[in-house]
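These notes are about the structure you will find just below.
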């Protein structure tokens, strides 16, 4: 015999499908939503209902955009430099770079990273669309802004080879010591990259 | 200028109100729901919509029950021993005890623990209702099944004093070494309790 109301069990099950959410966390979320204000769970339900209708993918940059827009507002913004493209794996990487306030070019979302284990090959990434943009927008620089992981490095290398014949400058985000970290606590690989990429003062 | 679609931002905000969910985790959940099957977010939305209508509180035991029931199915189950009550703080504690499969009595949910910092006093807990049940159901034993925390111990002590004149046997869950933990890694207080509560073999 189940000891929980069916409506609560269904919610726990649905919440448990979120990434990294186990049964205990799902229970905690569900109980919080049940104990809390009715408006809180209604607001979440409405946001979920509106999600897929309110969001679409920009056909040029593959960023996530409001569904009433044609193209990404960053791409259509006349103050942004269309001749520089930061190449990122996922749409959320754009937020991280935008938060720095230091980048004024545009973006191109690959839609993932090459990962044979997860069955993701280069043909599933938006590389052909990137080539078209390079020609169409007379792109001068591609910044490879992929993760500093094995998949990120593999994808960066692949893209570099693919674009080598196009005469575009290809750069990569610097690898080195993260700010605020003591040298003695940095891992070997990071320290090695910081040494290799040392800069003249 | 915001870099995210409004529908996505609203969902991230709503998810961020869940306990222990920061902006990065909310982003991860939202992106997962957006990338995934449409049915997944619809299912979650429906579960949220049905939550408050589908769940009510049992007027006798204060457990969470289906809203079409009058009382908790554990309480009305004729095979359960109504003369033994496990006193728990929250409805989810019932699931934890039920999972052991070793308890055949009924439950009473206090609705919290005494915590002056959080402004929860004994008058907010369902202690008077417990006293009524003790008389009505001729209860022989109350098992204090509160957390082994300061609040849990304080509440247990208070309930014990409140019920002392009622002639009911009051027991408490054993404190001691958790299974699978090495003695050398147990904290002092746990080890102290395990010593105090040592049992003859």
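Chains as they are written, first to last, in my numbering: chain A, 46 to 246; chain B, 46 to 246. Using N, Cα and C, we set each Cβ at its ideal position, and we do this for glycine too.
Asked: Within chain B, partners of residue 76 of chain A - CB distance below 7 Å; Found: 137
Asked: Residue 105 of chain B to residue 196 of chain B span [Cα, whole Å]; Found: 24 Å
Asked: Residues, ordered as in the chain, of the region 94–108 of chain A that lie near chain B by beta-carbon distance below 9 Å; Found: 94, 95, 96, 97, 98, 99, 100, 101, 108
Asked: CB contact flag (residue 109 of chain B, residue 50 of chain A, <8 Å); Found: yes
Asked: Sequence-distant residues of the same chain with beta carbon closer than 8 Å to residue 78 of chain B, five excluded per side; Found: 56, 85, 86, 89
Asked: Neighbour list for residue 72 of chain A in chain B, Cβ cutoff strictly below 9 Å; Found: 137, 140
Asked: Contacts that residue 145 of chain A makes with chain B (C-beta to C-beta distance below 8 Å); Found: Result: empty, since nearest Cβ-Cβ is about 12 Å, beyond 8 Å.
Asked: Closer than 8 Å to chain B by CB, residue 188 of chain A; Found: no
Asked: Residues that DSSP places opposite residue 217 of chain B in a beta bridge; Found: B/189
Asked: Interface flag, residue 90 of chain B vs chain A, CB-CB below 8 Å; Found: yes
Asked: Inside the region 93–155 of chain B only - alpha helix (DSSP H) runs reaching at least 4 residues; Found: 118–121, 136–145
Asked: Short CB-CB distance (under 8 Å) between residue 30 of chain A and chain B; Found: The first residue shown for chain A is 46 and the last is 246, placing residue 30 of chain A beyond what the model contains.
Asked: Selected residue, minimal CA-CA separation from residue 102 of chain A, among A/135, A/168, A/238, A/71; Found: A/135
Asked: Residue burial classification, residue 230 of chain A (beta-carbon count within 10 angstroms, cutoff 16); Found: exposed
Asked: Reduced DSSP secondary structure (H/G/I, E/B, other) of residue 165 of chain B; Found: strand
Asked: Stretch pair the region 215–225 of chain A + the region 154–174 of chain A: three plus CB contacts closer than 8 Å; Found: no
Asked: Cα-Cα separation, residue 133 of chain B to residue 97 of chain A; Found: 41 Å
Asked: Contact belief for residue 129 of chain B with residue 188 of chain B at Cβ below 8 Å, rounded distance in angstroms; Found: 7 Å
Asked: Given residue 179 of chain B as reference, the closest of B/167, B/209, B/200, B/159 once Cα atoms are compared; Found: B/209
Asked: Terminal residues of the alpha helix (DSSP H) in which residue 157 of chain A lies; Found: Neither: residue 157 of chain A is in no alpha helix (DSSP H) and is coded neither H nor E.
Asked: CB contact check: residue 214 of chain B to chain A, cutoff 8 Å; Found: no
Asked: 7 Å Cβ shell around residue 190 of chain B - same chain, five flanking residues per side excluded; Found: 131, 132, 133, 138, 142, 218
Asked: Three-state secondary structure assigned by DSSP to residue 71 of chain B; Found: helix
Asked: Residues near residue 159 of chain A in its chain [Cβ-Cβ closer than 8 Å; skip 5 each side]; Found: 165, 166, 167, 170, 196, 199, 200, 203
Asked: Extent of the continuous alpha helix (DSSP H) to which residue 203 of chain B belongs; Found: 195–208
Asked: Of the residues A/192, A/235, A/227, A/121, the one placed nearest residue 182 of chain A, counting alpha carbons only; Found: A/121
Asked: Three-state class that DSSP yields for residue 48 of chain A in the structure shown; Found: coil
Asked: Distance CB(residue 149 of chain A)-CB(residue 113 of chain A) smaller than 8 Å; Found: no
Asked: Cβ of residue 111 of chain B within 8 Å of any chain A Cβ; Found: yes
Asked: Cβ neighbour criterion (16 or more within 10 Å) applied to residue 119 of chain A; Found: buried
Asked: Close-in-space but distant-in-sequence residues of the same chain around residue 124 of chain A (CB under 8 Å, 5 per side omitted); Found: 149
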